[in-house]
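Chemist:
Residue numbers (full-length UniProt numbering): 1 to 461.
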C-alpha cells in the first residue's frame, strides 16, 4: 500500500538512484559493496527534516516541483561548460614505479588539484557576512543558531537548554531610544555597556572593558522594562527575557542547572543580553526571614553569583541588565556584581509635559473616530509624583470621558449595526483632565524619599 509520505519519498529516491549510477560510473567505486543499515528509515528521516525546517523557517519544505513542458526553455538558465572526457588506460599488474613517472604524476596532480577547503571557507565567510548585514538592516525576526553545542551533553541538559531558549526574544519589540521620554542617564549607561562595545570594540580593552552588569531601580511604572525593550530593539544582541518562573524549578537541583545553562546559552549566542526582571524575587538577601531560607534557594543564588563572577573574568560579550522595584531587599553580593546602579525616578516637569502631549495631542484619529483636545500642557505638567504609567492612565481616562457620553445614544439606536450614526466626540479640555487627576492618585509617591536615601548609600553611575 502506498501512503502520502511514500509518494513524497519516491520522487527523491528516483533521482538519487540516477545520481548513484552516475557517481559509480565516474568514480569507479563499487557502491554495491555497501548497503543501508537496518535502522535507516526514509520515512522517519523525511518527517524529522520537515519538522526541523518548520521550526526554523515556520514553513514546510518544498520537496518536489513540476517538470516543465516539452519545448519550454528558461531564459535565466545557466549552462555549465562541458567537461572533456578522457580515457583511463587499463591497469596492468606489472607496472614499474620509476622515479620519473612519480614526478610526472605529482606535477600533473598539483595542476589539477582545486583548493576546495579555501572555496568552502570563502563561501562560509560570505554567507555569514551576508546574514550579519541582513540581521543588522532588518532585525524584525531573528534566527537562532541550532543547539549543536549541547549535542554532547545528556538529554536533561538539552531539555533545560530548550526551556531557556523559549525566553529569547525572536521578534522586535519596536521600542526605539527616541520613544523613551527622559531617562537620559540610564540610556547613556546602557549604550556604554551594550551598544558601544559591539560598535567600537577597539576602545573597550584592558581597564576600559565594558560593564558586565547594570541595575535599574526605582518606583514602578517609570520605564525600566521599556529600557530593556529598547535594548532588545536597538542593540542587535540575543535578548534573554528572564523572570523568576524561568530559572526556579520545583525539582531538586534543577534551578542551579537552569542558571548554568542560561549563561552557557548566552555565551553561545554572544553578543547577548540577559534581562532579569523583578530581581528581588530571585536574589533577595540570604539568611533573612523568620522561617529560614530554603536550601534550594541558597544554591540557586550561589550559582547565579558564580556565573556572574565568571562573566567579569572573561571577554565574552554577555551583559546582565537587571530591574528591581525593591533594591533594599537585594543581596549585597549581587549589588557588588552589578557594577552600575542607576535610579530610574519619577519623570520631571518637561518629561511629564511631553508625555501628556504624546498621549493627548491636539488632534488624533483612531478607527475613524476623531478626538480633539484643548489642554494647557504647561499647567498640567506641574502635577508631582506621577510616574509615566500613571500619566498614561490619566490620559486614557480623560479621553474616555467624552466617549462615555455617547454610550446611551448608541445603545438606543435600533437600526442595523452597519448603519451606525456618525460619532462626534466632545473636545477634551483642561478641566476634564484636572477632574481625572482629582480621582486618580499616583501609585508610588510615598516611596520617593526611600529611593533617594538608598541612592545616596549605594549609587554607582
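Note that beta-carbon positions come from the ideal geometry of N, C-alpha and C, so glycine has one too.
As the structure is a computational prediction, the values presented were derived from the model and not from experiment.
For residue 331 and residue 234, what's the separation of their Cα atoms in angstroms?
Modeler: If I take the Cα positions, the gap works out to 31 Å.
Chemist: Comparing alpha-carbon positions, which option in 326, 380, 226 lies nearest residue 173?
Modeler: The option with the nearest alpha carbon to residue 173 is 226.
Chemist: Provide the residue span of the beta strand (DSSP E) that contains residue 260, from first to last.
Modeler: Per DSSP, residue 260 belongs to no beta strand (DSSP E); it is in the alpha helix (DSSP H), 254–268.
Chemist: Could you tell me if residue 251 is buried or exposed, where buried requires 16 or more neighbouring beta carbons within 10 angstroms of its beta carbon?
Modeler: Flag for residue 251 reads exposed.
Chemist: What does DSSP give as the partner residues of residue 272 in its beta bridges?
Modeler: Residue 272 is bridged to 238, 318.
Chemist: What does DSSP give as the partner residues of residue 428 in its beta bridges?
Modeler: Bridge partners of residue 428: 373.
Chemist: So what does DSSP say about residue 294, is it helix, strand or coil?
Modeler: Note: residue 294 maps to coil in three-state DSSP.
Chemist: Since residue 443 and residue 408 are thought to touch, with beta carbons under 8 Å apart, how far apart are those beta carbons, to the nearest angstrom?
Modeler: About 32 Å; that fails the 8 Å criterion.
Chemist: Just to confirm, are residue 308 and residue 286 a CB contact at a threshold of 7 Å?
Modeler: No, the Cβ-Cβ distance between residue 308 and residue 286 is not below 7 Å.
Chemist: Between residue 318 and residue 271, what straight-line distance do the alpha-carbon atoms span, to the nearest angstrom?
Modeler: Computed Cα separation, rounded: 6 Å.
Chemist: Relative to the C-alpha of residue 324, which candidate in 346, 278, 189, 296 has its C-alpha closest?
Modeler: Nearest of 346, 278, 189, 296 to residue 324, Cα basis: 278.
Chemist: Check whether the Cβ atoms of residue 223 and residue 343 sit closer than 7 Å, and answer yes or no.
Modeler: Cβ distance not < 7 Å, so residue 223 and residue 343 don't count as in contact.
Chemist: Report yes or no: do three or more beta-carbon pairs, one from the segment 361–376 and one from the segment 422–436, lie closer than 8 Å?
Modeler: Segments in contact, yes.
Chemist: Tell me the residue span of the alpha helix (DSSP H) that contains residue 32.
Modeler: No alpha helix (DSSP H) holds residue 32; DSSP gives it neither H nor E.
Chemist: Using the Cα positions of residue 346 and residue 385, report the straight-line distance between them to the nearest angstrom.
Modeler: The straight-line gap from Cα to Cα measures roughly 7 Å.
Chemist: Thinking C-alpha only, which one of 392, 424, 445, 448 is nearest residue 436?
Modeler: The residue with the shortest Cα to Cα distance from residue 436 is 392.
Chemist: Under the DSSP definition of a beta bridge, which residues are partnered with residue 213?
Modeler: According to DSSP, residue 213 bridges with 320.
Chemist: What number of angstroms, rounded off, separates the C-alpha of residue 380 from the C-alpha of residue 434?
Modeler: Cα to Cα, residue 380 sits roughly 8 Å from residue 434.
Chemist: Whole angstroms are fine: how far does the CA of residue 366 sit from the CA of residue 167?
Modeler: C-alpha separation (whole angstroms): 33 Å.
Chemist: Across which residues does DSSP place residue 57 in a beta bridge pair?
Modeler: DSSP output for residue 57 lists no bridge partner at all.
Chemist: Pull up the DSSP beta-bridge partners for residue 284, would you.
Modeler: According to DSSP, residue 284 bridges with 330.
Chemist: Residues in the same chain with beta-carbon distance under 6 Å from residue 102, minus the five sequence neighbours each way, listed in chain order, please.
Modeler: Legend: pLDDT at residue 102 = 47, less than 50; position of this residue unreliable, value from coordinates given subsequently. Same-chain partners within the cutoff: there are none.
Chemist: Quick check on residue 357: does DSSP put it in helix, strand or coil?
Modeler: In the structure shown, residue 357 sits in a helix (DSSP, three-state: H, G or I).
Chemist: For a test of the three-state rule: what should DSSP assign to residue 176, helix, strand or coil?
Modeler: Three-state DSSP puts residue 176 in coil, outside helix and strand.
Chemist: Determine the DSSP secondary structure at residue 340, reduced to helix, strand or coil.
Modeler: If DSSP states are grouped into helix, strand and coil, residue 340 belongs with the strands.
Chemist: What separation, rounded to the nearest whole angstrom, lies between the Cα atoms of residue 264 and residue 310?
Modeler: In a straight line, the C-alpha of residue 264 is about 11 Å away from that of residue 310.
Chemist: Within the continuous beta strand (DSSP E) that includes residue 517, where are the two ends?
Modeler: A query on residue 517 cannot be resolved here, the shown segment of the chain reaching from 1 to 461 and no further.
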